[in-house]
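Structure first, commentary second.
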Amino acid sequence: MEGSPYIPFVVFLKFIIPGGTGGTVTVGRKRKSNLGEESEKESLKYLDEFGEKEIVVCEGMATGITIVKYGFDDAFIFDVISDCDNLMPFSQGQFYPEIQKFFVDYMINDTLSAISTAHLVHADREPDKTRSKKCLELANLHSMAVDFAKTGAPAEMPRVLKPKEFPGFMERVDKPMYTSNNVLGKLYRATVESTEQERPNLVQLEKLSKETYDNDLEVDGFEAFLEIAEKHKDQYIEKMSSLMKYYEAETEDEMLTGNLRKRAAYLLRDNRRYGDFRDRILLSMKRLQNESKEWFEMSCKQHERQQMASAWYHVTYHPSYYREDFNCLSFPWIEGDYLLNIKKLNSGKVRIKTSHK
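Each residue of the sequence shown is one higher than the one before, starting from 1 at the first, in UniProt numbering.
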């Protein structure tokens, strides 16, 4: 479809399929018709009752088939609902062997990820970037590979387009690599350098926490919930530590994003498997967060939830609760909506800073 995107507006079209089968097609907005000029004159008319003159309504035997065959782009959704009493039997048997063969052929010849990887490498290394001859050819192959499941025509990538070296930011340690001086390479190296800096000691952390602790996230009465909040934090840290050990993550942010800095060799070689691995990490974190929300809701009444959220923040960020071994800074933000509301209410108020032990 050219121009305007698919919109959630549908019209039911009625047509007759040869052999007495009736059907209904549901379509969205058509930018223009793909039917021939004569077919348009004979078969098409436009509805104005919805204020959309580009809605196609079709009638007639040939028109329905023509539209189903030629008239739809990827953005269109349509259903053909047949009258079972009038269905004609297939002249051939069901094609399970052919479906099985096609599925195996698809698995063998699916080159979409290889083409995407090659495009990224050449876009980084070629002087003309994505406008280079290699990238343009790979872009065409990518379109073919995307449609392979529908067309059955595989996209074959020429050997000359296969990268011989990979930029360092792709971390293909099993392949020859080069240092990229483009923006992705610079961002990658800056990120690596920032994570490799020496971790601050406990004294520095306590000083930093004093400077960054936000008193606007405290509400009256939160002190009564500090004991249960600390128990919740300890439970969260225990479960987070177990997940980190299981997935071989070194830091909390790796668990929150699903991106491990040090991956196993098999994950470095296979981006698809790493994507599945990352999804499992994020799913585990989602379950832990949902469990933590249950602790929160079961330990206080509805009108006490701001105090509990404030207590969660206090036992996580206040210097008096800082732990040398491990601190899960994400813990209170599981109930971030309450903290944001507290911040909004307290902003602009004059508050007296107090210390809690």
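All residues carry an ideal CB built from backbone N, CA and C; glycine is no exception.
Bear in mind the structure is a predicted one, so any value in this text is a computation, not a measurement.
What's the gap between the Cα of threonine 251 and the Cα of lysine 245? 10 angstroms
Does tyrosine 322 come out as helix, strand or coil in the three-state DSSP assignment? coil
How close, in whole Å, do the beta carbons of tyrosine 236 and isoleucine 281 come, if the pair is a contact with beta carbons under 8 angstroms? So it is not a contact: roughly 16 angstroms between Cβ atoms.
Can you have a look at valine 160 and say buried or exposed, based on whether 16 or more other CB atoms are within 10 angstroms of its CB? exposed
Between the stretch 142–153 and the stretch 175–183, are three or more C-beta pairs nearer than 8 angstroms? no
Segment limits, alpha helix (DSSP H) that includes tyrosine 236: 226–247
Applying the 10 Å Cβ sphere with the 16-neighbour rule, what's the burial state of glutamate 165? exposed
State the Cα-Cα distance for the pair glutamine 302 and glutamate 98, rounded to the nearest angstrom. 60 angstroms
Is the Cβ of methionine 255 closer than 8 angstroms to any Cβ of chain D? The structure shown contains no chain D; it holds only a single protein chain.
Starting from the N-terminal side, write out each stretch of the alpha helix (DSSP H) that is 4 residues or longer and does not extend beyond the UniProt domain "RDRP core" (98–190). 112–125, 133–146, 148–151
Which one of Tyr178, Asp253, Ala309 has the shortest CA to CA distance from glutamate 227? Ala309
Going straight from the alpha carbon of aspartate 128 to that of valine 121, what length do you get? 13 angstroms
Mapping the DSSP letters down to three states, classify tyrosine 317 as helix, strand or coil. helix
At what residues does the alpha helix (DSSP H) containing tyrosine 338 begin and finish? 336–346
Candidates Asp174, His119, Asp110, Leu283: which alpha carbon is nearest arginine 263's? Asp174
Return the CA-CA distance between glutamine 307 and aspartate 234, expressed in angstroms with no decimal places. 19 angstroms
Nearest-angstrom Cα distance between methionine 298 and glutamate 304? 11 angstroms
Rounded to a whole number of angstroms, what is the C-alpha to C-alpha distance between serine 292 and asparagine 271? 31 angstroms
Who are the Cβ neighbours of lysine 210 in its own chain at under 8 angstroms, not counting the five residues just before and after it? Pro319
Looking at the unbroken alpha helix (DSSP H) that takes in glutamine 289, where does it start and where does it end? 271–298
Could you give the C-beta distance for isoleucine 342 and glutamine 289, rounded to a whole number, given that I count them as a contact under 8 angstroms? Wrong, their Cβ atoms sit about 20 angstroms apart, outside the cutoff.
Report yes if the C-beta distance between leucine 141 and alanine 123 is below 8 angstroms; otherwise report no. no
How about tryptophan 312 and phenylalanine 326: do their beta carbons lie closer than 8 angstroms? no
Return the chain-ordered list of same chain residues with a C-beta closer than 7 angstroms to the C-beta of glutamate 126, the five sequence neighbours on each side being excluded. Ser132, Lys134, Cys135
Simplified DSSP assignment, three categories, for residue 360: The structure shown does not extend to residue 360, since the chain is modelled only from 1 through 357, so no value can be given for it.
For methionine 107, count the other beta carbons within 10 Å of its own beta carbon; 16 or more makes it buried, fewer makes it exposed. Which is it? exposed
Reduced DSSP category for aspartate 220 - H, G, I as helix; E, B as strand; rest coil: coil
Beta-carbon within less than 8 angstroms of leucine 256's beta-carbon, same chain only, minus the 5 sequence neighbours each way: which residues are those? Met285, Ser330
Give every residue of the same chain whose Cβ lies closer than 7 angstroms to the Cβ of serine 116, excluding the five residues on either side of it in the sequence, and list them in chain order. His142
Helix, strand or coil: which one does DSSP assign to lysine 301? coil
Let me know the secondary structure DSSP gives threonine 212 once reduced to three states. helix
Residue 372, buried or exposed, once every other Cβ within 10 Å from all chains shown has been counted against 16: The requested residue 372 is not part of the displayed model; the chain covers only 1 to 357.
Just verifying my parser: in three-state terms, what is the DSSP assignment at glutamate 254? helix
Pick helix, strand or coil for serine 194, following the three-state DSSP scheme. helix
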